[in-house]
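Participant: Heads up, the sequence shown is in the numbering used here, so the first residue is 184 and it goes up one at a time. There's a structure below that I have some questions on.
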Amino acid sequence: MGMENGSLFEFVSKKFNDVADEIKLDDSVRTILSQPKNEIIVNFPVKMDDGSYRMFKGYRIQHNNVLGPYKGGLRFHPCVNLDEVKALAMLMTIKCALVDLPLGGGKGGIKFDPAELSREELERVTRRFVAALGTNISPVHDIPAPDVNTGADIMVWMMDTYMNLAGPNEKHLARGIVTGKPVDCGGTEGREQATGRGVVMCIEEWARNKGVSIEGMTYSIQGFGNVGSWAADAMSRLGARLTAVNDHTGTIVCEAGIDVAELKEYVAQHGSVAGYGELEILPRHDFFTHSCDIMIPAALENQIDSAEAQVMKVKLVAEGANGPTTPDGEKILVKNGVEIIPDVLANAGGVTVSYYEWVQNRTRDYWLEEEVNSKLRRKLSKAYQEVLDICNEQQVDMRSACYIKALKHLANVYAKRGIFP
Ligand code: NAD
């Protein structure tokens, strides 16, 4: 899987440079966007339950803020590294520009396995990271959000820590330091579901444009966490059948259809899909050879490399994860006629509703879930159609069209503002 022929940052940079060549992006804008503005790395000690201290390495990469404050998730995972976080931050700049949010791109993470820590230790790591980042993050400068292994519980600890460190006049503005908070602590309705829901809204656009119905289609999902499980929830509501799921423990397959609500409850209790419904747990490979209409990767990057792409038998890949397809994997998928809704569009529902949460925190006017969802749908449908127009006019694939739209937007803003000094 992945990585043999390059890193995620190389992959994202290559796409960026190819499209920059194609649209003759201004050299100064290319230079600025090819590296992040700020790379913050902090090493901080945390007291473990046994009284010992352990050092943790945390990252916050601020890629670009010409459109607005840095925005992007925070990942807790043993594989977090500078290259990965830089790539993910760059993807956020492109994503926000693509769907036209007044936000820039950032990403962060801490390199450790949260499953090895107690809940108390996890809380101390989270709070100490906020303290270590200090003034590098703020509700008007850089606003983190959930990503792999970080949900509403982590976000609310971050918010609480930041609010406790803020002075009385900033305290309530400080609530907007992170998005993806629990609804009763300043979060928004619909944020938890937003990324998975957005993936499915894009699949609905795909189906509408093709004149096909999602009802009765089969689909598979890699990663049954926040993005995967909510995408499954939305797909089931449309009458599609979930026939295979892969996560870090292996693959389950059930042609008759897996009950999404039941699986969700099972994973919440057991931490993985292994053992669900007495289904056999199969190797990773069996997920990629499984034949169905739509595959939704919603786990980690570099999952669909040439080896996987060669054996895949699906019509559409809707990228819930960031960077799940390597350039080599993508070439094979395209050659085999597999369509791809790229990450920067497919999973943009997450940052879009994060933006809505941030707006609500600033205005202190809270919206109903229907309002959030209908705004989200309008946003994604518009972006999807504009991307399709570029595909048709310029005869390019969807990922290129997304980058074209995003980079032109950024280039226009730089052209009008000028580059100081
Ligand atoms: P999560 O922690 O909730 O879930 C991650 C899932 O991936 C789990 O089911 C886990 O078992 C699975 N996984 C981990 N390692 C794996 C491996 N080696 N093989 C197969 N499965 C593996 O994370 P999430 O928030 O759902 O994020 C998933 C992806 O979606 C990431 O790429 C993330 O950057 C992207 N994303 C998330 C959001 C968001 O709002 N949370 C927004 C946009 C994009």
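The beta carbon of each residue, even a glycine, is placed where N, CA and C say it ideally should be. Here the structure is a predicted model, which is why all the values come from computation and not from measurement.
Could you give the DSSP three-state label for D325: helix, strand or coil?
Facilitator: Taking the first residue of the sequence shown as 1, we reach residue 325 at position 142. D325: strand per DSSP, three-state reduction.
Participant: Should H246 go down as buried or exposed, given a rule of 16 or more other Cβ atoms within 10 Å for buried?
Facilitator: On the sequence shown, position 63 is the one that residue 246 refers to. Burial call: buried.
Participant: How big is the Cα-Cα spacing for E522 and R582?
Facilitator: As a working mapping, residue 522 is identified with position 339 in the sequence shown. As a working mapping, residue 582 is identified with position 399 in the sequence shown. Distance between the alpha carbons of E522 and R582 is about 11 Å.
Participant: Just grab the DSSP bridge partners of S474 for me.
Facilitator: Counting from 1 along the sequence shown, the entry for residue 474 is found at position 291. S474 pairs with K496.
Participant: Could you compute how far the alpha carbon of M186 sits from the alpha carbon of K514?
Facilitator: In the sequence shown, counting from the first residue as 1, residue 186 sits at position 3. In the sequence shown, counting from the first residue as 1, residue 514 sits at position 331. Here M186 scores only 49 on pLDDT, less than 50, and its place in the model should not be relied on; the value that follows carries that caveat. Each residue's alpha carbon lies about 16 Å from the other.
Participant: Which whole runs of the alpha helix (DSSP H) in the region 263–287 are 4 residues long or more, in chain order?
Facilitator: For the region 263–287, whole alpha helix (DSSP H) runs of length 4 or above, ordered along the chain, are 265–281.
Participant: In this structure, what does DSSP give as the bridge partners for Q245?
Facilitator: To locate residue 245, count along the sequence shown from 1; it is residue 62. For Q245, which the question treats as bridged, DSSP gives the partners N221 and G289.
Participant: Specify whether the region 284–293 and the region 258–274 touch according to this definition: at least 3 beta carbon pairs, one from each stretch, less than 8 Å apart.
Facilitator: Short answer: they touch.
Participant: Compute the distance between the beta-carbons of C279 and L257, then report whether it is under 8 Å.
Facilitator: Here residue 279 refers to the residue found at position 96 when the sequence shown is read from its first residue. Here residue 257 refers to the residue found at position 74 when the sequence shown is read from its first residue. Their beta carbons are not under 8 Å apart, which means C279 does not touch L257 by this criterion.
Participant: In three-state DSSP terms, what is E398?
Facilitator: Locating residue 398 in the sequence shown gives position 215, counting from the first residue. E398: coil per DSSP, three-state reduction.
Participant: Using 7 Å as the cut-off, classify the Cβ of S455 as near or not near the heavy atoms of the ligand NAD, replying yes or no.
Facilitator: Taking the first residue of the sequence shown as position 1, residue 455 is located at position 272. Because some heavy atom of the ligand NAD lies under 7 Å away, the Cβ of S455 counts as near it: yes.
Participant: Check whether the Cβ atoms of L356 and P322 lie closer than 8 Å to each other.
Facilitator: The residue given as residue 356 occupies position 173 in the sequence shown. The residue given as residue 322 occupies position 139 in the sequence shown. In this structure, P322 lies closer than 8 Å to L356 by Cβ.
Participant: Give a single yes or no on whether A417 has its beta carbon closer than 7 Å to a heavy atom of the ligand NAD.
Facilitator: For the purposes of this step, residue 417 is taken as residue 234 along the sequence shown, with counting starting at 1. Answer for A417: no, Cβ out of range of the ligand NAD.
Participant: Using 8 Å as the threshold, is the C-beta distance between I477 and Y567 below it?
Facilitator: In the sequence shown, counting from the first residue as 1, residue 477 sits at position 294. In the sequence shown, counting from the first residue as 1, residue 567 sits at position 384. Cβ atoms of I477 and Y567: not closer than 8 Å.
Participant: With distances taken Cα to Cα, identify the nearest neighbour of P297 among M231, G359, A315 and E353.
Facilitator: Residue mapping note: residue 297 aligns to position 114 of the sequence shown, counting from 1. It is M231 whose Cα lies nearest to the Cα of P297.
Participant: Return the CA-CA distance between F407 and A444, expressed in angstroms with no decimal places.
Facilitator: Looking up residue 407 in the sequence shown gives position 224. Looking up residue 444 in the sequence shown gives position 261. So the two alpha carbons sit approximately 12 Å from each other.
Participant: Whole angstroms is fine: what's the gap from I320's alpha carbon to A492's?
Facilitator: If you number the sequence shown from 1, residue 320 lands on position 137. If you number the sequence shown from 1, residue 492 lands on position 309. Going from the Cα of I320 to the Cα of A492 covers about 39 Å.
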